[in-house]
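Just below is one structure, and these are the notes that go with it.
Chains as they are written, first to last, in our numbering: chain P, 302 to 747; chain X, 302 to 747.
Structure follows, in structure tokens:
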């Protein structure tokens, strides 16, 4: 653990890239497998998004050797496939989040890993391992860049994510240690991505940028391109040029031999504002409440961190999009068992659903600054006078099987039977190849 | 001139992109034409550089629709061609420089303009105009980013250059004003490039990055991609995130309707250290000295800014590369008429040339801090006792015909008869198409 002793970020990342499979923590590996399925579901659900269509048009015009599968389109060169798949899978903003990294790992890194894996004929397990090591690298680089980087205006998904994509693609391209250093050096001069794109197609494009940069830099290093020796922390490297207040040691501890920070990765389970998720989880986690008739509930008090009240407490949403920001509507939907994980149910019809409007009249929402922004507390009064006290904390670690079940439900909500097939075929990756995964990704016609 | 009144950089750049041909200053247009020929010569001379071969291999592996010519290789998609041609033409570091912009304009912007122009069937003149407007935009963005950006570690060639490439490609793709704003917004999240690559293949790669980013962002905007409204100076736009001390007004004055800053573009005429160029120009500008026998010179005193003495005053160079950093050797070569513009003459044989070694014994070099780093003073004593006082200032504006003659000589020194053909066919661009230029670029087999 030379890097822990000497505090060298690039040494740690280069070492991570070469971790043998046996050194990967079991739980992190299983989570990385769940991330794969979740990433595929998010991507397949977005193939008709305008952004996805435009990017496919770009690479379709370019054409080229089809070695990697493209969401909703024909196979393409690895770099082009990574660009499209990264952007497409982030188009719904429904993919996973790592809060310490401050970004979305799957959408920047899996497209690079899968494209490189398909190109080189890797197994699916090798793709998952490469993703995991890329993600772990990206988390640690994101920590060193720190909140100062994010607050200045950079988007870790794109910036730190590009290094993760480089590690993942580089591992699958078989780079040796010197080549991996060069690939990271090239990535230092190639990585980019700003938060000022939020609210435009530029946001999902950022994920595609990360993925395609990773493939390009890894491929060039494989061809022998030279670059700075330490593109991360070296003089005028990526970190000192892109963070006004980097935390040089934040990414080094605990060393990855002891713990993978990827274990804290979080999954979006509902296609609505994150501020409402703790409430929804509290409701659907209650055997007394979930699936009951709305008429059985006499009153519902929701308590949340006060910051959310300015974000997602719309009392009478007018559109499907506004429903995603309404505690009152979402509470009724969750109680009666609507599939809040299905992006397709947030329609204007839902906004004008009279049963939900009636129920909303029984809901009060109050701010409680003792709650974190990942927590919610509920007091439910049933018609028979029973009172239920419910609570949920999104930060709590879900039992793995429960997480898997929720993600399977999400995939089915998003994709219908294709979501079932996705899980049946790929929950166990034994004997599966990268090209099998790719064939499934490319199978959904736009 | 709304932008001058309101001080909006992006408004100015969008207006520049739409300048009618008739609004372009004549001298700037002619200089842009010289830049085209110089850029082509630098690129054609570098097709066998290892970096160029590797990048061609990358895009060759990808293949794709061949709509744009590639230096030393087969036609490729516009984005891929721009990547290779940008990097290849910067590989010898022999291309033009704009000191206020702090970077190299041709290598980041011409490859984007030419690739987009070939793809769309433009005339060569349209390519030159698009380059000029992209270059003028890049200069002004570079001025706003300022020396703080450069000193922090960014490479304006790549960063401001990407915006110039976007303007050039976007103009040739026929973007309307809204699309041009979107293209610049996308470029804000795509542009990158660090100086820590200097001394590695990452430096010329930066020029290719700028060019390919410009093509990609312009193409995506043409397809309707949305982005931030002001990706330059807006909240968390490119400038505030990439310069600790931007000079918001530096790029706006004088407004481009009054003067193009591109007129200050400088050309490298000798394939050796920039610190020796003023001495060489003083020698070859002297009718009494140029081409004379080395034996006719009894003594030569060279005065230069003291900073150069640590850089290019090697007394006895051991290799061809070291010859490029030796006043004494280069003085002898310039006097006897060696083609200092030919990268190929800096060989180990030249380093062990006994006539040059003898002559070097007559040369003294002294620092003089009254001289700028672009000036040199020489005192020559001939065998017959005559004393000559010579001086040169690289900052002085060359008469256009003299500059053209020197660039023609440079092209011939670099390329031999192909350099002659280049000038014969393209000095006058009347009736020439972008594809004619491309065919010539692609004609030199590697």
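In this text, a Cβ means the ideal position worked out from N, Cα and C, and glycines have one as well.
Values in this document were obtained by computation on a predicted structure and should not be read as measured data.
Per-residue DSSP class, three states only, for residue 559 of chain X:
Here the question's residue 559 of chain X lines up with position 258 in the second chain. Coil at residue 559 of chain X, not helix or strand.
Along chain P, in chain order, which residues have C-beta atoms closer than 9 angstroms to that of residue 468 of chain X?
The residue labelled residue 468 of chain X in the question sits at position 167 within the second chain. Those within 9 angstroms of residue 468 of chain X in chain P number zero; the least Cβ separation is about 18 angstroms.
Applying the 10 Å Cβ sphere with the 16-neighbour rule, what's the burial state of residue 427 of chain P?
Position 126 of the first chain, counted from the first residue, corresponds to residue 427 of chain P. With 16 or more other CB atoms across the displayed protein chains lying within 10 angstroms of its CB, residue 427 of chain P is buried.
How far does the alpha helix (DSSP H) with residue 742 of chain P in it reach, from first residue to last?
Translated into the one-based positions of the first chain, residue 742 of chain P becomes position 441. First-last of the alpha helix (DSSP H) with residue 742 of chain P: 735 to 742.
Just to confirm the assignment, what range does the beta strand (DSSP E) spanning residue 535 of chain P have?
Numbered from 1 along the first chain, position 234 holds the residue referred to as residue 535 of chain P. Element bounds for residue 535 of chain P: n/a, residue is neither H nor E.
Identify the contact partners of residue 536 of chain P in chain X, using a Cβ-Cβ distance below 7 angstroms as the criterion.
Taking the first chain and counting its residues from 1, the one referred to as residue 536 of chain P is at position 235. By Cβ distance, chain X contributes 497.
By DSSP's criteria, residue 614 of chain P is part of a beta bridge. Which residues make up the other side?
Taking the first residue of the first chain as 1, we reach residue 614 of chain P at position 313. Paired residues: P/627.
Residues of chain P with CB closer than 7 angstroms to the CB of residue 507 of chain X, please, in chain order.
Stepping through the second chain from its first residue, residue 507 of chain X is reached at position 206. Ordered by position in chain P, the residues that pass the 7 angstroms Cβ test against residue 507 of chain X are 490.
According to DSSP, simplified to helix, strand and coil, what is residue 355 of chain P?
Stepping through the first chain from its first residue, residue 355 of chain P is reached at position 54. Helix at residue 355 of chain P.
Over what stretch of residues does the alpha helix (DSSP H) that includes residue 509 of chain P continue unbroken?
Start at 1 with the first residue of the first chain, and residue 509 of chain P comes out as number 208. In the DSSP assignment, residue 509 of chain P falls within the alpha helix (DSSP H) that extends over 503 to 523.
Measuring alpha carbon to alpha carbon, tell me which of P/443, P/420 and P/320 ends up nearest residue 736 of chain P.
Numbered from its first residue, the first chain carries residue 736 of chain P at position 435. Of the candidates P/443, P/420 and P/320, the one whose C-alpha sits nearest the C-alpha of residue 736 of chain P is P/420.
Here's the rule: buried if 16 or more other CB atoms are within 10 angstroms of the residue's CB, otherwise exposed. What is residue 458 of chain X?
Taking the first residue of the second chain as position 1, residue 458 of chain X is located at position 157. Classification of residue 458 of chain X: buried, given that the 10 Å Cβ count is 16 or more.
Does DSSP put residue 398 of chain P in a helix, a strand or coil?
Here residue 398 of chain P refers to the residue found at position 97 when the first chain is read from its first residue. Residue 398 of chain P falls in the strand class under three-state DSSP.
Quick check on the DSSP output: the beta strand (DSSP E) that includes residue 673 of chain X runs from which residue to which?
Locating residue 673 of chain X in the second chain gives position 372, where the first residue counts as 1. No beta strand (DSSP E) contains residue 673 of chain X, which DSSP labels as neither H nor E.
Which residues share a DSSP beta bridge with residue 408 of chain X?
In the second chain, residue 408 of chain X corresponds to position 107, counting from 1. Bridge partners of residue 408 of chain X: none, in fact.
Assuming the contact rule is C-beta atoms closer than 8 angstroms, residue 548 of chain X and residue 445 of chain X should be a hit. Round their C-beta distance to whole Å, please.
For this step, residue 548 of chain X is matched to residue 247 along the second chain. For this step, residue 445 of chain X is matched to residue 144 along the second chain. Contact between residue 548 of chain X and residue 445 of chain X holds: CB atoms are separated by about 6 angstroms, below the 8 angstroms threshold.
With 7 angstroms as the threshold, decide whether the Cβ of residue 493 of chain P is near any Cβ in chain X.
Along the first chain, read from residue 1 onward, the residue named residue 493 of chain P stands at position 192. Yes, because at least one Cβ of chain X sits closer than 7 angstroms to the Cβ of residue 493 of chain P.
Under the three-state DSSP convention, the category residue 688 of chain P falls into
To locate residue 688 of chain P, count along the first chain from 1; it is residue 387. Residue 688 of chain P falls in the strand class under three-state DSSP.
Would you mind giving the Cβ-Cβ distance between residue 391 of chain X and residue 398 of chain X, rounded to the nearest angstrom? I have them listed as a contact below 8 angstroms.
The residue labelled residue 391 of chain X in the question sits at position 90 within the second chain. The residue labelled residue 398 of chain X in the question sits at position 97 within the second chain. Actually they do not touch by this definition, with Cβ atoms about 11 angstroms apart.
Start-to-end residues for the alpha helix (DSSP H) that takes in residue 434 of chain P
As a first step, residue 434 of chain P must be located in the first chain, where it is residue number 133. Residues 425 to 453.
Distance check for residue 500 of chain X and residue 348 of chain X, CA to CA, integer angstroms please.
By 1-based counting over the second chain, the position of residue 348 of chain X is 47. By 1-based counting over the second chain, the position of residue 500 of chain X is 199. Straight-line Cα distance between these residues: approximately 19 angstroms.
Comparing C-alpha positions only, which one of X/667, X/671, X/650 and X/595 sits nearest to residue 659 of chain X?
Residue mapping note: residue 659 of chain X aligns to position 358 of the second chain, counting from 1. It is X/595.
Quick one: is residue 463 of chain P near chain X, going by C-beta distance under 7 angstroms?
Counting from 1 along the first chain, the entry for residue 463 of chain P is found at position 162. It does not; no Cβ of chain X falls within 7 angstroms.
If you drop the 5 nearest sequence neighbours on each side, which residues of the same chain put their C-beta closer than 6 angstroms to that of residue 506 of chain X?
Residue mapping note: residue 506 of chain X aligns to position 205 of the second chain, counting from 1. Closer than 6 angstroms at Cβ, skipping near neighbours: 388.
Contact set between residue 378 of chain P and chain X, taken where Cβ atoms lie within less than 8 angstroms
Along the first chain, read from residue 1 onward, the residue named residue 378 of chain P stands at position 77. Those are 362, 363, 364 and 365, listed as they occur along chain X.
Around the C-beta of residue 591 of chain P, are 16 or more other C-beta atoms found within 10 angstroms, so that it is buried, or is it exposed?
Indexing the first chain from 1 puts residue 591 of chain P at position 290. Exposed: under 16 other Cβ atoms inside 10 Å.
Helix, strand or coil at residue 589 of chain X [DSSP, three-state]:
Translated into the one-based positions of the second chain, residue 589 of chain X becomes position 288. Three-state result, residue 589 of chain X: coil.
I want to see whether chain X comes within less than 7 angstroms of residue 454 of chain P, judged by CB atoms only; does it?
The residue given as residue 454 of chain P occupies position 153 in the first chain. So yes, residue 454 of chain P belongs to the interface.
Excluding the 5 residues preceding and the 5 following residue 382 of chain X in the sequence, name in chain order all residues of the same chain whose CB lies nearer than 6 angstroms to its CB.
Counting from 1 along the second chain, the entry for residue 382 of chain X is found at position 81. Closer than 6 angstroms at Cβ, skipping near neighbours: 369, 371 and 416.
Rounding to the nearest angstrom, what Cα-Cα distance links residue 407 of chain P and residue 514 of chain P in this structure?
Here residue 407 of chain P refers to the residue found at position 106 of the first chain. Here residue 514 of chain P refers to the residue found at position 213 of the first chain. Each residue's Cα considered, the two are about 15 angstroms apart.
Around the Cβ of residue 502 of chain P, are there at least 16 other Cβ atoms within 10 angstroms (buried) or fewer (exposed)?
The sequence position of residue 502 of chain P within the first chain is 201, counting from 1. Answer is buried; the Cβ neighbour count reaches 16.
For the ligand NAD, any of its heavy atoms closer than 6 angstroms to the Cβ of residue 470 of chain X?
Because no ligand of any kind appears in the structure shown, any question about the ligand NAD cannot be addressed here.
What's the gap between the Cα of residue 674 of chain P and the Cα of residue 576 of chain P?
Reading the first chain from its first residue, position 373 is the one you call residue 674 of chain P. Reading the first chain from its first residue, position 275 is the one you call residue 576 of chain P. Computed Cα separation, rounded: 7 angstroms.
I'd like to know whether the C-beta atoms of residue 603 of chain X and residue 580 of chain X end up nearer to each other than 7 angstroms.
Against the second chain, residue 603 of chain X aligns to sequence position 302. Against the second chain, residue 580 of chain X aligns to sequence position 279. Yes, these two residues count as a Cβ contact at 7 angstroms.
Here's the rule: buried if 16 or more other CB atoms are within 10 angstroms of the residue's CB, otherwise exposed. What is residue 740 of chain X?
In the second chain, residue 740 of chain X corresponds to position 439, counting from 1. By the 10 Å Cβ count, residue 740 of chain X comes out exposed.
With the cut-off set at 7 angstroms, would you say residue 393 of chain P and residue 654 of chain P are in Cβ contact?
Position 92 of the first chain, counted from the start, is the residue given in the question as residue 393 of chain P. Position 353 of the first chain, counted from the start, is the residue given in the question as residue 654 of chain P. Against a cut-off of 7 angstroms, the Cβ pair of residue 654 of chain P and residue 393 of chain P comes out as no contact.
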